[in-house]
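J.: Right, I'll just put the structure down here and ask away after.
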Amino acid sequence: MRWRWMLVLLMVWLSVSVQPAKAEGNIEVEVNVPLSGIIKYDSWMRLEVNVTSKEEAFHGFVELSKGRVKKNSYQPALRQPVMIEKGQSKKIYFDMPVQVMLDEWNILLTKNGQVVQSEKLRLPYPKDGRTVGVVHEGGNAFHFLAINQSQFNMSRPMTVQNLAPEMLPDQAWIYRNLDVLALGGKQAALLNDQQVVAIKEWVQMGGIVILSAGPGQDGIIQKFADVFSVAPGVGGTIVLSDGLSPYTGDKPPPAGSIPVYNKDVPLFSSQKVGKGMMLFVNYDVTAEPMASWQHNLQLWQSVLQKHGAQELLEQNTYMDQMTRPFLELSRMIPDVQTPSPIWMVVLWGGYVFLIAPLTYFVLKRVGRRAWAWGVIPGLAVLISVGIFAIGKPLVVKTSASNAISEISILDEHTAQTRTAATFLTVDQDQFDVEVKAPIIALPLTLGRNDYEPEGQAEKDQFLAYRNLPYLTPKQAIGYGIVRDFGEFESDLKVNRDRLQGRIKNNTKFAYDNTFIEIGLQRIPIGAMKKGEEKQIDSLLEPLLMPRQEKQVEPLTIEEQHNRLKDIVMAYGQGNQVRIVATSDEELSLLTMREPHRAHYWNVVNQAVYLKPNDQGLVTYPYGLLGVYINETVGEYDSSGPNLWQLGKGSITFELKAGNAQMEMERLIVPLDHSPFRPFKIEYFHQKSGRWLPVERASRLVLEKDLEDVLTPQQSLLLRFSSDGTTRLSLPTPFFQVEGSERKW
Amino acid sequence: MREENQNPRGYDEDQTVPMLLTHLKQLRRSVPVNYQLKSELKKQLMQRMRELEAQKKKIPDVSSSKRRRKLIQAGVVSLVVALAFGSFGWWTKDAISVREPKLLSLPVQSSAEQVDMDPAGTQIAYISQSSVLHTLPLNSDQKPLSVKLPPTEGKYLSVSWGNHGTQIAVVEQQKQLSRLWIVDLPTTYSMGSSRLLKEEEGVLYQAPSWSQNDDSIAYSRTKNGVQEIWVSSTISFQEWKIAEGSQPEWSPDGRFLAFVDEGEIRIMEMRTGKITILGKGEWPSWSGDARLTYTNSEGKLVESMVDVQPVATSEVALFNRSSDRLIRANWSAKGKQLLLISHEEQPKALVISLASR
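Just so you know, the protein sequences line up as chains A and B, in that order. Note that this note's numbering numbers the first sequence so that position 675 is 675, with each residue one more than the last. Note that this note's numbering numbers the second sequence so that position 269 is 1013, with each residue one more than the last.
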C-alpha cells in the first residue's frame, strides 16, 4: 500500500512543479537600458523591462529581487503590477541609482505569490572616466575628444560613444549618465521635441552640449535657438589661421579656410546655461581640413579649457546617490521617541526578578502555591498590555513622516532635488506614498547592513508598502526637478580679505538659518524671510581645515542629529561659493496617502558667481579652488583633513587654478607661512619643463609668467620635499587667484 | 490525616486525658449514661486542651523576640558603621593626597614647563636629552612612547598636551629663533609627525596652552623683555595678541583665560575682555570650569572660585606631600588628578609627583 501513497504524492508534486514550466514558455522578458546602455556609477538609471505574453493573458507582478533562488522563499523585492492580455507587450520601468543596480538582481514574474518565471539580470558595467555621447552620421565625428586620454583630466579618460537619435531618452535625469553630448549633422536634426526639452533641462542641471553645424545645417541649431541663438542664413567661410589663433598657441594652423554656419560668429563660442553650458562649433566637425588635422587634440583641449567645459567636468564630483546621510536623518522622526534600551531591560528584569518571585512568595504564604501557574502568566499578560497601552502613545501618537530634502537652485524656474523620507504608520500594515512628478523615487527598507530596495511602485505615481510588521518605519529616496522655486539674488565680491555685497531671498521659503559657504569657511547670515535682503561684509579666514568640533566622547542623540544635519548641509560641496539655507517649510515630494503628521527639513543651496570688485578684479579667495595630490615619492601619509605628513620623499600638489571662472591674471600661494618652512619647495615651469625653487619663507606670486608656468590643464604643480629622518606635516597649499570676468 | 498528628506535642506525655478518656469509656460501658457527668468531663477535657495550647504558643514567642532583638542590634551596628564610613567619605571628598610621591625626577636645570599631564590624567609627557619627547603611562593600559623631535640645533623647552590627547605642543628655542611645534603622537594607524605652527626671529616663546577644541594655542611671547600672550590658530594661518603677560591657561569651557602679569594671577573673560586679579602667584591651572589653582610665593597651592563675587580664595590641603617647595601644579581635565612639580634640595632635582582626589 505504501508505494501507492508515494505515487500519489509524486503526482501531486509533479503537478505543482510543472505549472511554472508551462508559464515560462508563455512569457517573453526583454531588458533594455536607454542611452545604448551607458551608465555612470553616481547617476540614476532606468531599467526597461518589456514583457510579452504569447499564449495566454498574464496578471501578476514583475519583480526585481536579489537572490530568491528558492521559489516562494521571501526576499525583499521591488515589484510592479502588470496585466497583459494574450499576444500583448508591456513596458515596465524600474528607476534607481546605478550603484544599487550593480548588485546581483533577478527579474521575476510572480502570480499569487508564486514565481512564474525568473531571469538573471545582466547589465553593462558603468563607464570609468568621462563619456561623450555623439549623435552624428559620420562614424568618426568628434573622435578627437577620445584620443586625449592620458593628457586630459589625469586619471579620468574621455571615451566617445556614437548614439542613434532614437536611443536618446525623453527624461533629463537619464542624460546624467553622460558628461558631454555632441550633436551635429543630419542625425541630430532627427531629435524630437521631447528629447530636445530633456537635453535642455539636463544642460541646466550641469550637462555640456556641443553643437556643430556647417553651412545650411539649420535643423539642430534652431532647436536650441531659445537657449543659444545663432542667426541662420549667413553662411560663408572663415580663414583657419584667424579662427584658430586663440586656441592653437605655437601649433601652426592648417592652411586655407573652412565653410561655416554663420560667418559672423567665431569658430568656437559658448553660452552658460544654468549649471551647464552649450558650446557652438561653427563648422561641421567632419569637414576637411579640420576633421583630420593632426593637432585636433591640442585644439580641443584648449577649446574645452578656454570655454570653461573642463572646469564644469571637474565640478561634477562624485556624490552618493543613495543619500545615506539624508536617510539616516529622516529616520529621526521628531515626534517618535524610541524607548531607551535601559527601560526595556528594567521592565523585563523587574518582571523576571522581582514581580514573578514576589508573586510566588505571596501565594506560598497564603497557602495558594498552585495558583502561581495561572497568576504569574496572567500578570505577564497584564503587564504587557499595560506597557503597550501606556508606552505606545509615548513612542508615537499618530502616523508620521519625516522628509529631508536638498534643493539645488539652477535658476528662478528650475531646481534640482534629492530627497529621503521615512514613514511610520501606527495602526495599519500598509500604506501608499504619492510621488510628485517629475520626481523619480525608490522605496527602501533598512536591511541587515544597508538600505534594500523593497516595495511596490506603480506608474511612477505612487509607491505602495504592504504587509508591514507593527511600527516598522519604511523609507524612500527621490530625485528630480522642482519647478518655479525661485532663487537668491546675489551681488558678492571679494575686496582684499573681505567678502562684501548683498543677497536677497527671492525663493518660496523663509529660512531659519542661512550662510555663505566659501572654501572651508561658513559665513553666517542668520534667518531670512521671504523677500528679505541682507548686506554682507565678512572677513575671509585663511582656513587650513574645516572649523568643526572634534568629538571624543560618545554623541548624544541631539549631537548625532546636529552632526547629520551638518553632513546634509555640506552635501554636494565643491569648488564654488554657495548660499546654503535651511527651512522646515512643507515640500511635498513624497507624501503618505493617509492622515499623518508630516515633518520637513530642507537644505536649499545655490551657487554664487563672484562679481568684479571696484578695481575690476574677480578674486577667488584662499581655499576656494581645489588642490589635489599629483604625485608622491617616498614616505607620505595623510594626518588629518588637509594635512599631509612627509618622511624622506616628496609630494607634488596640483593647484587647479583653471577652475576659476575668469580670465586669470595673478596667482598667489602663501608659502611664507611657518608650516611650509621646513620643506624644500619647487614649482613646475611648463614652458621650460623645469622645476624652479621657491625661496624659504616667501610667498609665490605668479603674474606675468603665469601662462608659461601653468600646465595645459591650467594647473600649477608645486612640489614639497623633505630629506629629514623625522616625519614632518604640512597643510594643503591652498591658493588665491585674481583676474577679470570671463567673457562667454 | 493520622490522629497523632492532630494532637499537639506533649499531649501524649500527659496521662490525664487518656486516663479520663479510658475512664469515660469504662463508665459508658458499665453504667447507664450520665449526661451531666459527661458534660462535666467534657468541660474538664476542653479546659486542659486550652491550657496545653497556650503553653505551646508561649515557647515560639520567646525565640522570635530573641531573633528580633538580634536583628535590631545588627541593624544598629551596621548603621553606625555606615555612618562612620559616610562621614569619613564626606570629610575627605575634596581632600587631595599624593599617590605617587616620586613619579619622575628631572635634572635641576630643567624647567617646570618640560612636563605635562594629558587631560585624561592617564599619562605624562616630558622632554629629555633636549630633543626626545617621552610619555610615561600612569596606568598599565598604555605603553610608554619616545618621539624624536625634529633634529635642529635648538633646544626643546615647553610641553603642553592637547585636549584630545593625541597632540602635544612643544616650544623650541634656537639662539634668537623660537619655534612652536605640534607633535602628532604615533598611533596604531599613523606613525606620528611634527608640524611647525609658528617660527619667529628675536623672540622667546613659552608656556603653550591649547584652547577648548584644540583649534588654537595661546603662548607667551617675549620680545625685548616685554611679555605678551599671543594665540595662533591650529586650523588657519591667523594669529593675534590677547594681553600682556605670560603662562596663559584656557579654562576647560573656553570662557576664561588665566595668565600671570606682574607676578599676579589674572583671569580674562573672553567674551567681554574683563580682567580680574586673583592674587600673587604663578602657574595657574584649572581644576574645573570656574575653579583655578596656582602656586603662591611660599610654594603653597591656592584655589580660587572665579564665578563668585568677590572671588573666593583658599589654600588647598595636600596630604602625604613632602616638604619640597612646590613650583607648579597641573590638573587633569576633570580635576581628579594633579601633577605636582617640586624643587628638591637634597639632592637638587625637579621632582614630579602625582596626587589625586
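Every residue gets a Cβ at the ideal spot worked out from N, C-alpha and C, and that includes glycine. Being a predicted model, the structure only gives us computed values, none of them experimental.
With distances taken from CA atoms, which of A/Thr726, A/Phe94 and A/Ile220 is nearest proline 894 of chain B?
T.: That would be A/Thr726, whose Cα lies nearest to the Cα of proline 894 of chain B.
J.: So if I threshold CB-CB distances at 9 Å, which residues from the region 531-543 of chain A count as touching chain B?
T.: Going along the region 531-543 of chain A in chain order, one finds Glu541, Pro542 and Leu543 with a Cβ nearer than 9 Å to chain B.
J.: Please classify glutamine 757 of chain A: does DSSP put it in a helix, a strand, or coil?
T.: Residue 757 of chain A falls outside the range modelled here, since chain A spans only 1 to 744, and no answer is possible.
J.: Are the Cβ atoms of alanine 182 of chain A and serine 212 of chain A separated by less than 8 Å?
T.: Yes. Within cutoff.
J.: Which whole-angstrom value describes the C-beta separation of leucine 468 of chain A and aspartate 429 of chain A, a residue pair presumed to lie in contact below a C-beta threshold of 8 Å?
T.: Yes, they are in contact, since the Cβ atoms of leucine 468 of chain A and aspartate 429 of chain A sit about 5 Å apart, within 8 Å.
J.: Decide if the region 841-859 of chain B is in contact with the region 1090-1098 of chain B; the criterion is three or more beta carbon pairs, one per stretch, under 8 Å apart.
T.: Yes, they touch.
J.: Closest to aspartate 103 of chain A by CA distance: which of A/Ile651, A/Leu64, A/Glu517 and A/Gln171 is it?
T.: For aspartate 103 of chain A, the nearest C-alpha among the options comes from A/Leu64.
J.: Among the residues of its own chain, which have a CB less than 7 Å from the CB of arginine 483 of chain A, if the five just before and after it don't count?
T.: Excluding residues within five positions, the ones whose Cβ falls inside 7 Å are His413 and Thr414.
J.: If you scan the region 285-335 of chain A from start to end, which runs of the alpha helix (DSSP H) of 4 or more residues do you find wholly inside it?
T.: 296-306, 309-315 and 324-330, all fully within the region 285-335 of chain A.
J.: When the cut-off is 8 Å and only beta carbons count, does phenylalanine 981 of chain B lie next to chain A?
T.: Yes, its Cβ sits closer than 8 Å to a Cβ of chain A.
J.: Relative to chain A, which residues along the region 993-1016 of chain B have a C-beta separation below 8 Å, given in chain order?
T.: If the cut-off is 8 Å between Cβ atoms, the region 993-1016 of chain B has nothing near chain A.
J.: In three-state terms, what does DSSP make of serine 150 of chain A?
T.: With a pLDDT of 48 at serine 150 of chain A, under the threshold of 50, the modelled position of this residue cannot be trusted, and the question is left open.
J.: Give me the Cα-Cα distance between proline 34 of chain A and methionine 322 of chain A, rounded to the nearest whole angstrom.
T.: Going by the C-alpha atoms only, they are around 21 Å apart.
J.: Can you tell which of A/Ala287, A/Gly308 and A/Gln117 has the C-alpha that lies nearest to the C-alpha of alanine 141 of chain A?
T.: The option with the nearest alpha carbon to alanine 141 of chain A is A/Ala287.
J.: Going by DSSP, name the residue or residues bridged to valine 62 of chain A.
T.: Partner(s): A/Gln80 and A/Leu109.
J.: Name the DSSP bridge partner or partners of methionine 96 of chain A?
T.: The partner list for methionine 96 of chain A (beta bridge, DSSP) reads A/Met45.
J.: Out of A/Lys40, A/Arg677 and A/Pro81, point me to the one whose CA is closest to proline 97 of chain A's CA.
T.: When each option's Cα is compared against that of proline 97 of chain A, the closest is A/Lys40.
J.: Please classify glycine 207 of chain A as buried or exposed, where buried requires at least 16 neighbouring CB atoms within 10 angstroms.
T.: Its Cβ being crowded by 16 or more others within 10 Å, glycine 207 of chain A is buried.
J.: Would you mind giving the Cβ-Cβ distance between isoleucine 1019 of chain B and valine 1050 of chain B, rounded to the nearest angstrom? I have them listed as a contact below 8 Å.
T.: Incorrect: roughly 12 Å between the Cβ atoms, too far for contact.
J.: Can you find the residues in the same chain that come closer than 7 Å, C-beta to C-beta, to glutamine 917 of chain B, ignoring five residues on each side of it along the sequence?
T.: Gly898, Lys899, Leu901 and Leu948.
J.: Pairs of beta-carbons, one from the region 948-959 of chain B and one from the region 513-521 of chain A, closer than 8 Å: are there three or more?
T.: The answer is no - the region 513-521 of chain A does not touch the region 948-959 of chain B, with fewer than three Cβ pairs under 8 Å.
J.: Buried or exposed for tyrosine 622 of chain A, please, with buried defined as at least 16 other CB atoms from any protein chain shown within 10 angstroms of its CB.
T.: Buried is the call here.
J.: Should proline 675 of chain A be flagged as near chain B, meaning a C-beta pair shorter than 8 Å?
T.: With 8 Å as the cut-off, proline 675 of chain A counts as an interface residue toward chain B.
J.: Can you grab the Cα-Cα spacing for the pair tyrosine 451 of chain A / lysine 111 of chain A, in whole Å?
T.: Roughly 26 Å separates the two Cα atoms.
J.: Flag this pair as yes or no: are the beta carbons of leucine 1022 of chain B and methionine 1014 of chain B separated by less than 8 Å?
T.: It is not a contact, given that the beta carbons lie outside the stated cut-off.
J.: Quick one, which residues of the region 920-946 of chain B are near chain A if we go by CB-CB under 7 Å, in chain order?
T.: Residues passing the 7 Å Cβ filter: Asp928, Ser934, Met935, Gly936, Ser937, Ser938, Arg939, Leu940, Leu941, Lys942 and Glu943.
J.: With three or more beta-carbon pairs closer than 8 Å as the criterion, would you say the region 599-609 of chain A touches the region 581-589 of chain A?
T.: Yes, since at least three Cβ pairs between the region 599-609 of chain A and the region 581-589 of chain A fall closer than 8 Å, the two stretches touch.
J.: Please tell me whether lysine 892 of chain B has its Cβ less than 8 Å away from any Cβ of chain A.
T.: Yes - at least one Cβ of chain A is within 8 Å of the one on lysine 892 of chain B.
J.: Using a 10 Å radius around the Cβ and a threshold of 16 neighbouring Cβ atoms, would you call tyrosine 125 of chain A buried or exposed?
T.: So tyrosine 125 of chain A ends up on the exposed side.
J.: Applying the 10 Å Cβ sphere with the 16-neighbour rule, what's the burial state of arginine 418 of chain A?
T.: Per the 10 Å Cβ criterion, buried.
J.: At a Cβ cut of 9 Å, what residues of the region 706-726 of chain A count as close to chain B, listed as they run along the chain?
T.: Residues Gly724, Thr725 and Thr726.
J.: Straight-line CA distance for proline 749 of chain A to leucine 940 of chain B?
T.: With chain A running from 1 to 744 in the structure shown, residue 749 of chain A is simply not present.
J.: Tell me whether the beta-carbon of arginine 502 of chain A lies closer than 8 Å to the beta-carbon of isoleucine 536 of chain A.
T.: Yes, they are a contact pair.
J.: How big is the Cα-Cα spacing for arginine 999 of chain B and valine 825 of chain B?
T.: Approximately 44 Å between the Cα atoms of the pair.
J.: Alpha carbon to alpha carbon, how far is alanine 1077 of chain B from glycine 1032 of chain B?
T.: When rounded, the distance between both Cα atoms is 8 Å.
J.: Would you mind giving the Cβ-Cβ distance between lysine 91 of chain A and asparagine 106 of chain A, rounded to the nearest angstrom? I have them listed as a contact below 8 Å.
T.: Rounded, the Cβ-Cβ distance is 19 Å, inconsistent with contact.
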